[in-house]
Amino acid sequence: MDISLVFLAVLVLAVLGMQVGRSRALVAAGGQVRALHSRVGYYGAFMALAIALPAFMVLFVWTAAEPAVIQALVRGKLPAAIQALPPDQLSLVLTTIENLAYRNIPPSQSQPYLAEAAAQMRDLRATANWLMVGVCMLVAVSGFFLARGRITAEFRARNTVEAVVKILMIVCSSIAILTTVGIVMSMLVESLNFFAEVSPLDFFFGLVWDPRFAGAARADQTGQFGLIPLLWGTLFISFVAMLVAVPIGLLSAVYMSEYAGSKFRKVAKPLLEVLAGIPTVVYGFFALITIGPALRDIGAVFGLDISSTSVLCAGLTMGIMIIPFVSSLSDDIINAVPQSLRDASYGLGATQSETIRQVILPAALPGIVGACLLAVSRALGETMIVVMAAGIAAKLTANPFDSVTTMTVKIVAQLTGDLEFNSPQTLVAFALGLTLFVITLGLNVMALAIVRKYREKYD
Amino acid sequence: MEMARTMTETKVAGTAPTEAIKFKIKMSGRGVNVHYGAKHALKTVDIDIRENQVTAFIGPSGCGKSTFLRCLNRMNDTIDACKVSGDLKLDKQDIYDKSIDVVQLRARVGMVFQKANPFPKSIYENIVYGPKIHGLATTKQELDEIVEKSLRGAGLWNEVKDRLLDSGTGLSGGQQQRLCIARAIAVSPEVILMDEPCSALDPIATAHVEELIDELKSKYTIVIVTHNMQQAARVSQRTAFFHLGVLVEEDDTANIFTNPRDERTQGYITGRYG
Numbered sequence: 001m002d003i004s005l006v007f008l009a010v011l012v013l014a015v016l017g018m019q020v021g022r023s024r025a026l027v028a029a030g031g032q033v034r035a036l037h038s039r040v041g042y043y044g045a046f047m048a049l050a051i052a053l054p055a056f057m058v059l060f061v062w063t064a065a066e067p068a069v070i071q072a073l074v075r076g077k078l079p080a081a082i083q084a085l086p087p088d089q090l091s092l093v094l095t096t097i098e099n100l101a102y103r104n105i106p107p108s109q110s111q112p113y114l115a116e117a118a119a120q121m122r123d124l125r126a127t128a129n130w131l132m133v134g135v136c137m138l139v140a141v142s143g144f145f146l147a148r149g150r151i152t153a154e155f156r157a158r159n160t161v162e163a164v165v166k167i168l169m170i171v172c173s174s175i176a177i178l179t180t181v182g183i184v185m186s187m188l189v190e191s192l193n194f195f196a197e198v199s200p201l202d203f204f205f206g207l208v209w210d211p212r213f214a215g216a217a218r219a220d221q222t223g224q225f226g227l228i229p230l231l232w233g234t235l236f237i238s239f240v241a242m243l244v245a246v247p248i249g250l251l252s253a254v255y256m257s258e259y260a261g262s263k264f265r266k267v268a269k270p271l272l273e274v275l276a277g278i279p280t281v282v283y284g285f286f287a288l289i290t291i292g293p294a295l296r297d298i299g300a301v302f303g304l305d306i307s308s309t310s311v312l313c314a315g316l317t318m319g320i321m322i323i324p325f326v327s328s329l330s331d332d333i334i335n336a337v338p339q340s341l342r343d344a345s346y347g348l349g350a351t352q353s354e355t356i357r358q359v360i361l362p363a364a365l366p367g368i369v370g371a372c373l374l375a376v377s378r379a380l381g382e383t384m385i386v387v388m389a390a391g392i393a394a395k396l397t398a399n400p401f402d403s404v405t406t407m408t409v410k411i412v413a414q415l416t417g418d419l420e421f422n423s424p425q426t427l428v429a430f431a432l433g434l435t436l437f438v439i440t441l442g443l444n445v446m447a448l449a450i451v452r453k454y455r456e457k458y459d
Numbered sequence: 460m461e462m463a464r465t466m467t468e469t470k471v472a473g474t475a476p477t478e479a480i481k482f483k484i485k486m487s488g489r490g491v492n493v494h495y496g497a498k499h500a501l502k503t504v505d506i507d508i509r510e511n512q513v514t515a516f517i518g519p520s521g522c523g524k525s526t527f528l529r530c531l532n533r534m535n536d537t538i539d540a541c542k543v544s545g546d547l548k549l550d551k552q553d554i555y556d557k558s559i560d561v562v563q564l565r566a567r568v569g570m571v572f573q574k575a576n577p578f579p580k581s582i583y584e585n586i587v588y589g590p591k592i593h594g595l596a597t598t599k600q601e602l603d604e605i606v607e608k609s610l611r612g613a614g615l616w617n618e619v620k621d622r623l624l625d626s627g628t629g630l631s632g633g634q635q636q637r638l639c640i641a642r643a644i645a646v647s648p649e650v651i652l653m654d655e656p657c658s659a660l661d662p663i664a665t666a667h668v669e670e671l672i673d674e675l676k677s678k679y680t681i682v683i684v685t686h687n688m689q690q691a692a693r694v695s696q697r698t699a700f701f702h703l704g705v706l707v708e709e710d711d712t713a714n715i716f717t718n719p720r721d722e723r724t725q726g727y728i729t730g731r732y733g
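Read top to bottom, the protein sequences are chains A and B. For the first sequence, the residue numbers in this note's numbering are 1 to 459. For the second sequence, the residue numbers in this note's numbering are 460 to 733.
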């Protein structure tokens, strides 16, 4: 019997149980709904949960554990000589048996014990399958009867159901949190592996990025892993991006919130936010195909040598991408400045521009700074645009017409292609990722703290 | 139609010859109508506001008294859906005329709001904001003088003279409201409009502000909107009663509270509705 069929059967039983729970509760109350502790629906939900939850848990655990258990049983029956093999070869044998048993792929060298073990594995699996169905249904049915027995007029079905739902919500949110923790931990562990081979001093303060290929560097040299050129490239491009995004975003926010009529605003604001919805890879080839060559041609007119992948090109494109962040957040923050302050200023005979410059912007400034910091952290982590528009040469240069590279580009470069995960050449990606994570996390925390502090002021 | 007639009678009675000689008219409205979109918020209001007196607007919520107050310095301009028609004059000059600069008008007709709204700046900055934008003072010394004069005028000087650089939002509610009054008089207006200036204050702070209003009337013409009829009786010389967008009755305060002509006024001041 298939797992999805068992799943379906339990569901059907749960729906059935829900109906039984409802009618049973009504009977227990003698038809008087008011005599019940909870609304009728909660008794039904209680029954459904009591049937489905334990059965699903059994199903889940069983499905997860079955292959390992079967493998262990089969391994125990293998000839002693095979069992004595080293672990990696033994697992190869087991894979061969599995392939033969389930997928009917004949082994490269036919051995009598292989066919025997495969047959045994098939038998075990069939038995396990039936056992699983039996246990699941047993759990579901016993859940049905146990729950039904508990239903009386005084039974607090609502509290029970709500407690279960609360636990479900806790499980869901802890999955999200645990995933984050897991990612950070794995980055941390891999980074530590990296720092075991390359000194943190060389990484954080090294001025040269030259990791070499893993294969070529095997013998004596491991390459150099200086973070500084990459960090510089990242910061330089983000700086150019902010030079573009902050003035444009801020002025458009001021226009949207203070000057634009409500009709114009209703159309223009979503349109501006569409910019945020464009995939960054599209911005990337926009930069590569349009902005880069255009900049090069314009530079040529003035006798400037602008490389087609340059800080300027990547920064401009990224700046355009970030405009909606800055403008949308700033717009919200400017709108949060109380109308009473505007009234006070107008009431004193201030013009609109005086009011904006001397009252609204100063009041909104902390929030705007917060919005800009959020935009910076977005710019630092941006990958696709810089991969296409900034170049791959790790240079320490202050020339915005030259090409540089960023941490994200190098993470991509170190982790694509054929590679092995135990050389510093690949592990450095984790160290870079961790560094980037710490920087953006710091910025985000700072930005949120600033925004929050500002919000409290007017509540 | 009937309402209009009542009002005409009121006006004739209110502007008896002897009084008209004694007092100069500072602001006047004739046939003022205000629409908020489809809503007719003020219906053909005729009123005279006398110089160096306190005129109180009373009436139930939504009766149009604040709306009319905001017409007097064109604060309603900031609301898109609001349309004002009719004749509003300040010193015989039409304030809705195209030649009038609303910025200049508001410098002459200041406003104090229901909720104290100091800027999140220092007390000093709050006061000099208006004089600076109107170019009333250029040197630090002149500004200092204006700050002291305005704060003294608002009865706040002694309380804050040692902390002029502290934030205006750090003051107590009553002090904040007096700071707003000081801010309004810093630009030397001729008329001060007050929109329920005491509704968010405790009785002691209210008494302070009321005393202040009484002192201010020697220099300024004051119009105050209030929900508190005792307050209207205490501080004002003239009282106008608004009801459902209509100016029902306008008269000497003593007359309104002792001998109202209209039964709606009587109903309101005796607490039968409102």
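Just so it is clear, CB atoms sit at the ideal spot from N, CA and C, and this is done for glycine as well.
**Prompt:** So, helix, strand or coil for H499(B), using DSSP?
**Reply:** strand
Practice task
List the endpoints of the continuous beta strand (DSSP E) containing I681(B).
Solution key: 680-684
Exercise. In its own chain, which residues sit with a C-beta less than 7 Å from the C-beta of Q120(A), not counting the 5 before and 5 after it?
Worked result: V74, K77
- Query: For T698(B), which beta-bridge partners are listed by DSSP?
  - Reply: A515(B), D710(B)
**Message:** Does chain B have any CB closer than 8 Å to the CB of G349(A)?
**Reply:** yes
Q: Could you check the C-alpha separation between A9(A) and R39(A) for me, to the nearest Å?
A: 27 Å
Starting from Q563(B), find everything on chain A with Cβ-Cβ shorter than 9 Å and list it in chain order.
-> G349
* **Given A641(B) as reference, the closest of N492(B), S609(B), V684(B), T665(B) once Cα atoms are compared** => S609(B)
| message | When you compare the CB of R265(A) with every CB in chain B, is at least one pair closer than 8 Å? | response | no
Practice task
Report all residues from its chain with a CB closer than 6 Å to the CB of F578(B); omit the five preceding and five following residues, and keep chain order.
Solution key: N585
Exercise. Using 8 Å as the Cβ pair cut-off and three pairs as the minimum, do the stretch 509-517 of chain B and the stretch 698-706 of chain B touch?
Worked result: yes
* **For G569(B), the first and last residue of its enclosing beta strand (DSSP E)** => 568-571
According to DSSP, residues forming a beta bridge with R109(A): The identity of residue 109(A) in the sequence shown is Gln, whereas the question assumes Arg. Q109(A) pairs with nothing; no bridge assigned.
- Message: I need the straight-line Cα distance from I82(A) to W130(A), nearest angstrom please.
- Response: 30 Å
* **Neighbourhood of G292(A) by C-beta, 8 Å cutoff - its chain only, sequence neighbours within 5 removed** => S308, T309, S310, C313, A389
> Got a sec: is the Cβ-Cβ distance from T537(B) to anything in chain A below 8 Å?
Replying inline: yes
(message) Against L341(A), what residues of chain B qualify as contacts under a CB-to-CB distance less than 7 Å, listed in chain order?
(response) N576, F578
- Item | Residues within the stretch 348-370 of chain A neighbouring chain B, beta-carbon criterion of under 8 Å | L348, G349, A350, T351, E354, Q358, V359, P362, A363
*Compare the C-beta of Y346(A) against all C-beta atoms of chain B and say whether one is closer than 8 Å.*
yes
Could you give the DSSP three-state label for V493(B): helix, strand or coil?
strand
Review point. Who are L250(A)'s beta bridge partners in DSSP?
Key: Note: L250(A) sits in no beta bridge, so no partner.
From which residue to which residue does the alpha helix (DSSP H) around C541(B) run?
-> It is not in any alpha helix (DSSP H) - C541(B) instead sits in the beta strand (DSSP E) that spans 541-549.
Item to complete: Give the residues of chain A in contact with R642(B), contact being defined as C-beta atoms less than 8 Å apart.
Response: A344, L348
* With contact counted as at least three CB pairs below 8 Å, one residue from each stretch, are the stretch 406-422 of chain A and the stretch 320-339 of chain A in contact? -> no
Practice problem: Compare the C-beta of N494(B) against all C-beta atoms of chain A and say whether one is closer than 8 Å. | Solution: Sequence check: residue 494(B) is His here, not Asn. Judged by the 8 Å Cβ criterion, H494(B) is not in contact with chain A.
Give me the Cα-Cα distance between W62(A) and L124(A), rounded to the nearest whole angstrom. 14 Å
Query - C-alpha distance - L547(B) paired with G490(B), whole-angstrom precision - result: 9 Å
Taking Cβ positions, are V359(A) and L250(A) nearer each other than 8 Å?
-> no
* Asked: I392(A) lies in the beta strand (DSSP E); which residues open and close that run?
  -> Note, I392(A): premise wrong, no beta strand (DSSP E); not H, not E.
**Prompt:** Is I728(B) helix, strand or coil by DSSP?
**Reply:** helix
Jot down the residue ranges of each uninterrupted alpha helix (DSSP H) in the stretch 140-206 of chain A, minimum 4 residues, whole runs only, in chain order. 157-197, 200-205
- Name the chain A residues whose beta carbon is nearer than 9 Å to that of V646(B)? L348, G349
| said: Using only the alpha-carbon positions, how far apart do P324(A) and A276(A) sit? | reply: 6 Å
Please specify which runs of the alpha helix (DSSP H), each continuous and at least 4 residues long, are wholly inside the stretch 278-350 of chain A, giving them in chain order.
280-286, 292-301, 311-336, 339-347
Residues that DSSP places opposite G488(B) in a beta bridge: I506(B), L547(B)
Figure out for me which residue from Q512(B), Q573(B), I559(B) has the closest Cα to the Cα of N687(B). Q573(B)
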